[in-house]
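Numbering (my numbering), first residue to last: 864 to 1336. The C-beta atom is built at its ideal place from N, Cα and C for all residues, glycine as well.
Structure representation (C-alpha cells):
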C-alpha cells in the first residue's frame, strides 16, 4: 500500500475514532433524557399503571435528573459537532476518488443527516434547555422526545451511509462511471442496515446507561445528592441490562449472520478461522498466525460457531484458506482481536448490569459500596467496546472502501494531490487540536459534575443516612 494512502487512512481513523466518542454518549443519553422527562411528565400518585405511579417529590427528582443529563448531552453534542467537521473535509482532500464515484449515493444520506437530524437535535435541545418556563409542560416534554428522535435519526443516516459501503445496493453506474442512487427506499431497506443500526444504537444506549449509573455511584460514594443518585442508579442499571440483552440477541446475532453471509472474509477473520470446517468451534481465546495460516494457543467450544451461524451443529463454514489472499482483510489479527475485545467486554458489562439489577431488586444496591465502585469504574469499558466494534467492521471490510466494488487504494485522492508529508503534518495538527479539545471538554464536564444537579439541596447528616439506608423502590 502506498505511503500516502496509509497516512490518509491513519488520519481518518484517528479523527473518526475521536469524534465517535461523543455521539456514542449523546445518542445514549437521548434515550434516558426522554425517559426521565416522560416519567416526570406522566407520573401521578394515583396512576392506574404502577410504572407511572410517582409522588410529586419523585416526579421532581426525575425532572431534575432529566435537566442535569441534558446539560451533559449539550456539551457532548457541541464537541461532537466540532470534531465531526474535519471528516467532511477529508472526503474532498484525501478521498476525492471515492467521493467522485460514490457522491451521488452517500451525498443523499449525509445531506439528510445534516438538514433533518442535526437541526432537529439543535432546535429541540435548545427548547428543552431554555424552554421549561417559556413553553407548556407538554411542549417541554415533547422537546425531549423529539430530541431523542433527532439524535437517533442522525445515527440512522450515518449508519445507512456506512451500510451501503459494507453492502452496496439500490444503485447503478452511469455512463460517466459514477454511482447513482436508483431508490432511496432501496437504500433504507438495505439488508445490512436494520440489524447493524439496532446493534449500534443499543451500544450507545448501554454507554448512556453505564454513565448514568457511574454518576449515581459517584455521588453516593461522595455522600452527595442522594435522591438524584438513586434515580440515576435505578434507571442506569435497569436500562443497561435491557440494552445489553438487546445488544446480544437479536441484534448482535443477526448482524453476525449478515457478516457471515455477505462478507465471509471478514467473518472468518473475526473468528480466526483459516481452515474450512464442519462443526466449527467458537473460539474464546487464541492467537491468529497468518504466516502458518492457523490459530495458535486456542481455547474453543466445539461446534458452537456452526450452531450460532446456521442453527446446525455440523454446518460447514468456510475459512480464510478458501478465499484469495488479495481479498483478505489487511490485518487479520487486528480484526480478530478487535472483535474479541468487543465480545469480551460486552460479556463483562452484561454481568455487571445483571448484578446491579439483582442488588436493586433486593434493596441493597445503594449501600453496596463495592458494587458502587464497580459501577463507577465500569463505564469506560462501554466506550472501548463500541470503538472495538467499529474497528472490527471497518478493518473487516478491507481491502475495500465499497465492499466488492472499489478498493481502498483506488478511493484515495490521486497521487500528488495531497503529499504524504502534508498528510502527516495535518495528522499531527489534529492530534494537538484534539488534545486541546479534550482538556476543554474535561474542564466543562468536571465543572458540571462538581456543581451537581440543580434544585437539589445538600443533604443533612440525618437525611443522608436515611437516604443511604432506604430500600430500593
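Looking only at C-alpha atoms, which of the options sits nearest to residue i?
{"i": "residue 1052", "options": "1151, 1027, 1038 and 1072", "result": "1027"}
{"i": "residue 1162", "options": "963, 1174 and 1135", "result": "1135"}
{"i": "residue 928", "options": "1066, 1258 and 1079", "result": "1079"}
{"i": "residue 963", "options": "1209, 1266, 980 and 1040", "result": "1040"}
{"i": "residue 1030", "options": "1184, 1288 and 1122", "result": "1122"}
{"i": "residue 937", "options": "1045, 1011 and 1049", "result": "1011"}
{"i": "residue 1009", "options": "986, 946 and 1050", "result": "986"}
{"i": "residue 1126", "options": "1093, 1147, 1054 and 1230", "result": "1054"}
{"i": "residue 1180", "options": "1205, 1210, 1187 and 1145", "result": "1145"}
{"i": "residue 1209", "options": "1302, 1309 and 1106", "result": "1106"}
{"i": "residue 1280", "options": "1157, 960, 1058 and 1306", "result": "960"}
{"i": "residue 1111", "options": "1315, 1159 and 1059", "result": "1059"}
{"i": "residue 1172", "options": "1224, 1116, 1157 and 1150", "result": "1116"}
{"i": "residue 1000", "options": "1201, 922 and 1287", "result": "922"}
{"i": "residue 869", "options": "1315, 1109 and 1274", "result": "1274"}
{"i": "residue 971", "options": "1198, 1222, 1317 and 1025", "result": "1025"}
{"i": "residue 1315", "options": "1254, 1232 and 1092", "result": "1092"}
{"i": "residue 1201", "options": "1108, 1048 and 1257", "result": "1257"}
Using the Cβ count rule (16 or more neighbours within 10 Å means buried), how would you classify residue i?
{"i": "residue 880", "result": "exposed"}
{"i": "residue 1090", "result": "buried"}
{"i": "residue 871", "result": "buried"}
{"i": "residue 1192", "result": "buried"}
{"i": "residue 991", "result": "buried"}
{"i": "residue 924", "result": "buried"}
{"i": "residue 1022", "result": "buried"}
{"i": "residue 1095", "result": "buried"}
{"i": "residue 1260", "result": "buried"}
{"i": "residue 1164", "result": "exposed"}
{"i": "residue 826", "result": "Missing from the structure shown is residue 826; the chain here goes from 864 to 1336 and no further."}
{"i": "residue 1119", "result": "buried"}
{"i": "residue 1050", "result": "buried"}
{"i": "residue 1160", "result": "exposed"}
{"i": "residue 1334", "result": "Reliability of the predicted coordinates at residue 1334 is poor, the pLDDT of 34 falling under 50, and no value is obtained from them."}
{"i": "residue 1076", "result": "buried"}
Could you give the DSSP three-state label for residue i: helix, strand or coil?
{"i": "residue 1186", "result": "coil"}
{"i": "residue 934", "result": "helix"}
{"i": "residue 1116", "result": "helix"}
{"i": "residue 988", "result": "helix"}
{"i": "residue 1163", "result": "strand"}
{"i": "residue 1269", "result": "strand"}
{"i": "residue 919", "result": "helix"}
{"i": "residue 1181", "result": "coil"}
{"i": "residue 871", "result": "helix"}
{"i": "residue 939", "result": "helix"}
{"i": "residue 1039", "result": "coil"}
{"i": "residue 1045", "result": "coil"}
{"i": "residue 900", "result": "helix"}
{"i": "residue 995", "result": "coil"}
{"i": "residue 1335", "result": "Only weak support exists for where residue 1335 lies, its pLDDT of 36 falling under 50; the coordinates are left without a value."}
{"i": "residue 1127", "result": "helix"}
{"i": "residue 907", "result": "strand"}
{"i": "residue 1150", "result": "strand"}
For a test of your reading of the model: does the CB of residue i fall under 7 Å from any non-hydrogen atom of the ligand SAH? Yes or no.
{"i": "residue 1127", "result": "Absence of the ligand SAH is noted for the structure shown, with no ligands found whatsoever."}
Apart from the five residues on each side of it in sequence, which residues of its chain come closer than 8 Å, Cβ to Cβ, to residue i?
{"i": "residue 875", "result": "950, 953, 957 and 958"}
{"i": "residue 1278", "result": "865 and 867"}
{"i": "residue 896", "result": "929, 932, 933, 936, 991, 1007, 1010 and 1011"}
{"i": "residue 1043", "result": "967, 968, 1034, 1035, 1036 and 1037"}
{"i": "residue 1158", "result": "1135, 1136, 1137, 1146, 1149, 1150, 1151 and 1152"}
{"i": "residue 1307", "result": "938"}
Between residue i and the rest of its own chain, which residues show a CB-CB distance below 7 Å, the 5 nearest in sequence each way excluded?
{"i": "residue 1245", "result": "1069, 1070, 1073 and 1212"}
{"i": "residue 1014", "result": "889, 890, 893 and 984"}
{"i": "residue 815", "result": "Within the shown structure, residues of the chain are numbered from 864 to 1336, placing residue 815 beyond reach of any answer."}
{"i": "residue 1104", "result": "1216, 1217 and 1220"}
{"i": "residue 947", "result": "882"}
{"i": "residue 1265", "result": "965, 1028 and 1031"}
{"i": "residue 1269", "result": "961, 964 and 1263"}
{"i": "residue 995", "result": "1003"}
{"i": "residue 1225", "result": "none"}
{"i": "residue 1222", "result": "1228, 1231 and 1234"}
If I measure Cβ to Cβ from residue i and keep anything under 6 Å in the same chain, skipping five residues before and after, which residues do I get?
{"i": "residue 1166", "result": "1142 and 1176"}
{"i": "residue 1153", "result": "1195"}
{"i": "residue 1297", "result": "881"}
{"i": "residue 1182", "result": "1131, 1136, 1137, 1138 and 1139"}
{"i": "residue 1016", "result": "980"}
{"i": "residue 974", "result": "none"}
{"i": "residue 908", "result": "918"}
{"i": "residue 1344", "result": "This structure does not reach residue 1344, given that the chain is present from 864 up to 1336, and the question cannot be answered."}
Open item on the list: Counting beta carbon pairs with one atom in the stretch 1209-1227 and one in the stretch 1087-1100, are three or more of them shorter than 8 Å?
Closed with: yes
Open item on the list: Whether or not the stretch 882-891 and the stretch 934-943 are in contact is what I'm after, with contact meaning three or more pairs of Cβ atoms, one per stretch, closer than 8 Å; do they touch?
Closed with: yes
TODO: Pair every Cβ in the stretch 988-1008 with every Cβ in the stretch 898-910, then say whether three or more of these pairs are closer than 8 Å.
DONE: yes
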